[in-house]
Structures are given as C-alpha cells and as structure tokens.
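Down below is the structure, laid out as structure tokens.
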C-alpha cells in the first residue's frame with residue numbers, strides 16, 4: 719500500500735510552494751494530477767490526519783471537512799472535524815480502509831513543523847507521510863503520496879507551538895489544499911472517462927474490421 723514511486727534518476731517526486739504565491743491552486747493541481755492512478759478501477763482514499771483540539775494540527779481535519787462538503791468530490795474522505803483521524807485511532811482507521819477499499823491509492827494529508835523560512839509552504843511528495851514525527855510519536859506511515867502544510871516552526875516545545883499556531887495560516891492552507899485536490903481529482907476523472915471512451919471506440923473499430 720505504501721509504495722515509494724520514483725521519478726527520473728531514482729529521485730522522489732517532491733514539490734514545495736508557499737500558499738500565498740500566485741496561481742498556487744493551479745500549480746499544486748498540476749503537481750497532484752500526474753501522481754494520481756491512471757485506472758478508474760483503483761479506489762482513491764484521502765486520509766486527513768490531525769485533531770481539532772490543536773490549532774496547528776487541525777489542518778488535516780479542516781481539509782477533510784472541506785472535501786467532504788464538496789458535492790462533486792469523487793473520492794473517499796476520512797478525517798474531518800466531526801470524525802478526526804488522529805494518533806489514538808489511526809491504526810484502527812487504516813485497517814478499516816484496507817478492508818473497505820482494498821488496493822486503494824491513499825493520499826495522506828497532515829500538518830507539520832519546519833524551518834522558519836518554510837512556514838506557510840505546502841509540500842507534495844510521493845510515498846507515505848509519517849504522522850507524529852514532529853512531536854516524537856511513533857505512528858504508522860500513511861499514503862502512496864502525501865501533502866503536508868508547514869504551519870509553524872520546529873525545534874522546541876512542539877506541542878506548545880502547535881497549540882499556539884495562528885488559525886489564519888491554517889485556514890488559508892486548508893483552502894488551498896482542498897481546492898487543489900478537488901480540481902486535480904475532477905480532472906483525473908475526466909481523463910479516465912476519455913480514456914475509456916477511446917478504448918471502447920478502438921474496440922468497436924476492431925469489431926467492424928473483423
């Protein structure tokens with residue numbers, strides 16, 4: 719489930735962008751789109767990790783809530799403000815997802831801490847996110863790809879830092895991640911439908927020739 723895909727000369731796919739940069743939604747959408755599975759038969763699951771009890775750590779549940787409330791969002795979402803996925807229930811939720819969506823392509827969403835000059839950046843990476851690493855917790859990795867938002871500075875009293883993160887930056891980053899994922903997933907669905915139609919047309923042409 720947690721496969722590490724590579725691009726180019728053995729390098730991981732990685733992209734980082736500040737949430738206030740121009741056309742940030744479009745640029746992040748363009749990065750997410752080619753990382754999504756080509757086949758419409760493979761289910762896609764978004765796992766948004768975090769808790770609404772901490773301002774900084776609420777990024778995941780906020781993204782999950784925004785996606786869940788979009789009528790046109792085509793994929794499964796776990797981790798909302800009403801039903802968060804956090805340290806206590808993460809393993810249980812992952813087992814449930816594995817049972818209900820076997821072979822799913824999983825996208826992990828989480829907040830993280832980083833360098834001062836990286837605060838406000840959204841990062842897109844292939845492979846799993848390691849939730850709890852910033853606050854020294856050992857939790858299972860999540861995702862075939864992941865998106866993280868650097869909400870505050872790491873290095874000292876991480877729990878206190880997360881609790882005292884500005885809600886404004888978390889909300890803006892949640893909007894950006896949710897909108898980008900929504901756009902990328904809708905575009906992927908359109909691509910998949912077009913591929914199906916092309917395949918059907920080719921099959922009909924072959925049948926006519928025979």
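Residue numbers (the numbering used here): 719 to 928. Glycine is no exception: its CB is placed at the ideal position from the N, C-alpha and C atoms.
Per-residue burial, residue i [other beta carbons within 10 Å of its own, 16 or more giving buried]
i           : result
residue 813 : exposed
residue 877 : exposed
residue 757 : exposed
residue 815 : buried
Any C-beta of chain B under 8 Å from that of residue i
i           : result
residue 874 : No chain B is present in this structure, which holds just one protein chain.
The alpha helix (DSSP H) enclosing residue i, as first and last residue numbers
i           : result
residue 746 : 742-750
residue 878 : 876-881
residue 871 : From DSSP, residue 871 is part of no alpha helix (DSSP H) but of the beta strand (DSSP E) over 863-871.
N- and C-terminal bounds of the beta strand (DSSP E) containing residue i
i           : result
residue 814 : Premise fails: residue 814 lies in the alpha helix (DSSP H), 808-818, not in any beta strand (DSSP E).
residue 795 : 794-796
residue 732 : 732-736
Nearest neighbour of residue i, chosen from the options [CA to CA]
i           : options            : result
residue 712 : 831, 857, 894, 905 : This structure cannot speak to residue 712, because the chain is shown only from 719 to 928.
residue 886 : 875, 837, 858, 793 : 837
residue 871 : 815, 859, 835      : 835
residue 845 : 811, 839, 833, 860 : 860
residue 778 : 828, 749, 733      : 828
residue 792 : 910, 912, 903, 913 : 903
residue 737 : 781, 775, 840, 747 : 840
residue 764 : 900, 912, 911, 907 : 900
residue 869 : 755, 748, 775, 759 : 775
residue 747 : 897, 910, 801, 913 : 897
Proximity of residue i and residue j at Cβ, strictly below 8 Å
i           : j           : result
residue 769 : residue 881 : no
residue 803 : residue 830 : no
residue 879 : residue 780 : no
residue 855 : residue 751 : no
Helix, strand or coil at residue i [DSSP, three-state]
i           : result
residue 837 : coil
residue 760 : coil
residue 822 : coil
residue 910 : helix
residue 788 : coil
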